[in-house]
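Peer 1:
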Amino acid sequence: MPERLPQHKHCLNCGKAVAPSKEFCTEECETERIGMLRRKRRQLLILYVGSIVVLLLAVILSVVQF
Ligand SMILES: [Zn+2]
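Residue numbers (this note's numbering): 5 to 70.
(1) DSSP has residue 13 in a bridge; who is on the other side?
(2) Would you say the beta carbon of residue 20 comes nearer than 8 Å to a heavy atom of ligand 1?
(3) Go through the stretch 32 to 62 residue by residue and report every complete run of the beta strand (DSSP E) that reaches 3 residues or more, in order.
(4) Distance check for residue 32 and residue 23, CA to CA, integer angstroms please.
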């Protein structure tokens, strides 16, 4: 029979059980998670800017041809 665990949440970074008032098990986990989200956001921004640049280039090239 599995033991009944007291109310708890799981660390948002590594999934370990933590107290319900906490989001992360350690400060390192919190820092790691924030860094990961920041990297993800950066990648998304680069993708977004990159597609706009490609679109602009396509528009400019098609205008220049005429
Ligand atoms: Zn953790």
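A virtual CB, placed ideally from N, CA and C, is assigned to each residue, including glycine. Just so it is clear, the structure is predicted and the values come from calculations on it, not from any experiment.
Peer 2: Taking the geometry as given:
(1) 22
(2) yes
(3) none
(4) 16 Å
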